[in-house]
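In this text, residue positions in the sequence shown follow the working numbering: the first is 880, and each later residue adds one.
This report refers to the structure that appears directly beneath it.
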Amino acid sequence: MLYALAVLFAFQLLGEFLARFTGLPLPGALIGTLLLLLGLLFYKRLPKTLEDTAQVLLQNMMLLFIPVIAGVMLEFDHLRREWLPFVLACIAGAAITFTATALTFRFCLQRQRTRQPNKASAAKQEQNV
């Protein structure tokens, strides 16, 4: 687990480094995540330790939001003055997330359905041979 955390933090650090020194208009964490994705696609498999660590982090994700929530409370006066843009941004973000999730789910279902008949026809061809 320690090795997997080190890998995750190394990619985040690399993303932060690239964001600051290249001037890319993206957050370093996003760049690091994209680099991790590219690395996993190149590696063509997910190491078991990385998968297990990611599952633990996902299961305890709410604990990771506590510092962010505390940071928002430090800006409560500003939030009180600018509540409408904040609420609209939250609603828009939720709608975009919901739509992206639904479209991704539909794409994955369609892809799974097109692959299943291919497996069935391959099995029939093997039986005929």
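Quick reminder that beta carbons are idealized off the backbone N, C-alpha and C, glycines included.
With residue i and residue j assumed to form a contact (beta carbons below 8 Å), what rounded beta-carbon distance in angstroms separates them?
i    : j    : result
L929 : L914 : In fact, because the Cβ distance is near 14 Å, the residues do not count as touching under 8 Å.
Nearest-angstrom Cα distance between residue i and residue j?
i     : j    : result
L909  : F977 : 20 Å
G880  : K923 : Inspection of the sequence shows that residue 880 is occupied by Met rather than by Gly. Spanning the two alpha carbons is a distance of roughly 20 Å.
L1009 : G907 : This structure cannot settle anything about residue 1009, because the visible part of the chain is limited to 880 through 1008.
L905  : L988 : 31 Å
T932  : R994 : 30 Å
V886  : T901 : 22 Å
Q991  : L982 : 14 Å
C969  : H957 : 16 Å
F955  : I945 : 15 Å
I948  : N939 : 15 Å
R985  : I975 : 15 Å
K927  : W962 : 44 Å
V966  : V951 : 13 Å
F888  : L916 : 14 Å
Is it the case that the Cβ atoms of residue i and residue j are separated by a distance below 9 Å?
i    : j    : result
L943 : L953 : no
Q891 : G911 : yes
Judging by CA-CA distance, which residue of the options is the nearest neighbour of residue i?
i    : options             : result
A883 : Q934, E961 and F965 : Q934
Taking 9 Å as the threshold (beta carbon to beta carbon), is residue i in contact with chain B?
i    : result
Q989 : Absent here is chain B; the protein component of the structure consists of one chain.
- Task: Pick out the complete alpha helix (DSSP H) segments inside the region 922–1001, 4 residues or longer, and give them in chain order.
- Result: Counting whole runs of 4 or more residues, the region 922–1001 contains the alpha helix (DSSP H) stretches 927–938, 940–943, 945–953 and 955–960.
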